[in-house]
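In this note's numbering, the protein residues as written are 22 to 153.
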């Protein structure tokens with residue numbers, strides 16, 4: 022069975038990510054890679070995401086329905102932690118929240134914890150924010 026150019030490219034990307042992960046694992050380096058959501062939806066793209074230690078999904082407010090945009094009008098995006106690193110651990114680490122709201126301020130990025138995973142649900146109770 023012949024492989025299409027797209028599948029071959031994805032296979033090469035997965036091989037590259039495995040090699041890169043092996044090189045970075047023993048150093049103090051950090052690597053960020055961006056994967057378009059169309060690619061993440063196909064099985065080959067899922068293999069690429071499985072090589073990552075952390076998987077973060079960003080959703081723009083512009084892609085949300087108007088009711089959600091009105092409800093969270095002060096914010097610019099949603100951040101969802103989809104995968105968290107668990108190496109050499111017998112206990113599963115789960116952060117307090119896997120969903121955050123992002124607000125851009127003059128000189129800082131503000132992230133507020135979102136207590137409701139579905140934006141259409143009850144309004145999120147805001148907690149003290151974390152400024153970066």
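Idealized CB from N, CA, C, for every residue including glycine.
Note that the structure is predicted; figures quoted are calculated from it, not measured.
Can you tell which of the options has its C-alpha closest to the C-alpha of residue i?
{"i": "residue 34", "options": "46, 50, 45, 67", "result": "67"}
{"i": "residue 64", "options": "107, 27, 108, 41", "result": "27"}
{"i": "residue 100", "options": "59, 132, 87, 127", "result": "132"}
{"i": "residue 61", "options": "94, 51, 77, 84", "result": "77"}
{"i": "residue 51", "options": "83, 42, 107", "result": "42"}
{"i": "residue 80", "options": "57, 73, 71, 72", "result": "57"}
{"i": "residue 90", "options": "123, 36, 29, 48", "result": "123"}
Which term fits residue i, buried or exposed, when burial requires 16 or more other beta carbons within 10 angstroms of its beta carbon?
{"i": "residue 121", "result": "buried"}
{"i": "residue 39", "result": "exposed"}
{"i": "residue 106", "result": "exposed"}
{"i": "residue 87", "result": "exposed"}
{"i": "residue 69", "result": "buried"}
{"i": "residue 31", "result": "buried"}
{"i": "residue 75", "result": "exposed"}
{"i": "residue 25", "result": "exposed"}
For the alpha helix (DSSP H) that contains residue i, what are its first and last residues?
{"i": "residue 45", "result": "26–46"}
- Query: What are the start and end residues of each continuous alpha helix (DSSP H) run of 4 or more residues lying completely inside the segment 62–130, in chain order?
  - Reply: 64–71, 87–92
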